[in-house]
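Worksheet for the structure shown next.
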Amino acid sequence: MKRTVIRLGEQPDWSSEKIVINTGTSDNILKLSRTDASANKAYREMLAHDYVLYMHSNEKSFFIKRTLVSTLWERKDLIQFGDTFYTLMDVPENKVNRLAPKRLVVIFSSMPSAKDYLSDKIAPRMFVQNYPSLWKQVVKNTMILRIMDLNLSYGSYYMNAGSYNTFEDDVQGIIAKVCE
Numbered sequence: 600m601k602r603t604v605i606r607l608g609e610q611p612d613w614s615s616e617k618i619v620i621n622t623g624t625s626d627n628i629l630k631l632s633r634t635d636a637s638a639n640k641a642y643r644e645m646l647a648h649d650y651v652l653y654m655h656s657n658e659k660s661f662f663i664k665r666t667l668v669s670t671l672w673e674r675k676d677l678i679q680f681g682d683t684f685y686t687l688m689d690v691p692e693n694k695v696n697r698l699a700p701k702r703l704v705v706i707f708s709s710m711p712s713a714k715d716y717l718s719d720k721i722a723p724r725m726f727v728q729n730y731p732s733l734w735k736q737v738v739k740n741t742m743i744l745r746i747m748d749l750n751l752s753y754g755s756y757y758m759n760a761g762s763y764n765t766f767e768d769d770v771q772g773i774i775a776k777v778c779e
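The C-terminal position of the sequence shown is numbered 779 in this note's numbering, with every residue numbered one higher than the one before it.
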């Protein structure tokens, strides 16, 4: 995987799959971009070229092309459709009713909490686990579909934005596939 390491303010090689920006601080570039104009400019350029911040370590912020994010996952519960990821929680044994139709609840991630808003990690920013105890509230035979909003900094509210111009189709495709 081609990787480029640069200092803040230097021009990256946009053909790189990963770009590492040395920020010179323990703050990740997203957090730094709130107070530093050069960090803000660099961060916006990364987003404009379809890179996603996924880690910060040793004064370096790590970015990867959005379309390659799947290479980072260690989670086994994420399913990919197009360029979008989702989880599907099947009906637990104690909630099965063979006489009733299957149902589906679709949960779209909200904006991250204040503590995760400037996180360098993808999941806390773009895959907020709203309603973790939803199983207790739904009727029998209900599956739960959670769709990740993987675009830009915090997602794009599941709309086509930036370089991800098929996001809306991917979301509709996920729902249709799960309903089948």
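Even glycine gets a Cβ: it sits at the ideal position worked out from N, Cα and C.
Per DSSP, cross-strand counterpart(s) of residue i
i, result
"N621", "R606, K659"
"V704", "I743"
"Q679", "F684"
"A760", "Y763"
"K664", "Y650"
Contact under 8 Å by Cβ, residue i with residue j
i, j, result
"T741", "V777", "no"
"Y685", "I746", "yes"
"L671", "A638", "no"
"A760", "L749", "no"
"R786", "V619", "Nothing about residue 786 can be read from this structure; the chain reaches only from 600 to 779."
"R665", "Y763", "yes"
"E616", "I663", "yes"
"W613", "H655", "no"
"E646", "N627", "It is worth fixing the name first, because residue 646 is Leu in this sequence and not Glu. Contact flag unset, no."
Burial state of residue i, where buried means 16 or more other Cβ atoms lie within 10 Å
i, result
"T765", "exposed"
"M758", "exposed"
"V738", "exposed"
"S669", "exposed"
"G623", "exposed"
"A641", "buried"
"S732", "exposed"
"V695", "exposed"
Cβ separation of residue i and residue j, assumed to be a contact under 8 Å, to the nearest whole Å
i, j, result
"L629", "D719", "7 Å"
"E658", "S625", "6 Å"
"T634", "I773", "Actually they are not in contact, since the Cβ atoms of T634 and I773 sit about 37 Å apart, beyond 8 Å."
"L687", "I678", "7 Å"
key: Validate contact between the region 723-731 and the region 703-712 using beta carbons, cut 8 Å, 3 pairs   = Touching, yes, given that three or more Cβ pairs across the two stretches are closer than 8 Å.
Are the region 672-681 and the region 695-708 in contact at 8 Å, needing three or more beta carbon pairs? Contact between the region 672-681 and the region 695-708 is absent, because fewer than three Cβ pairs lie under 8 Å.
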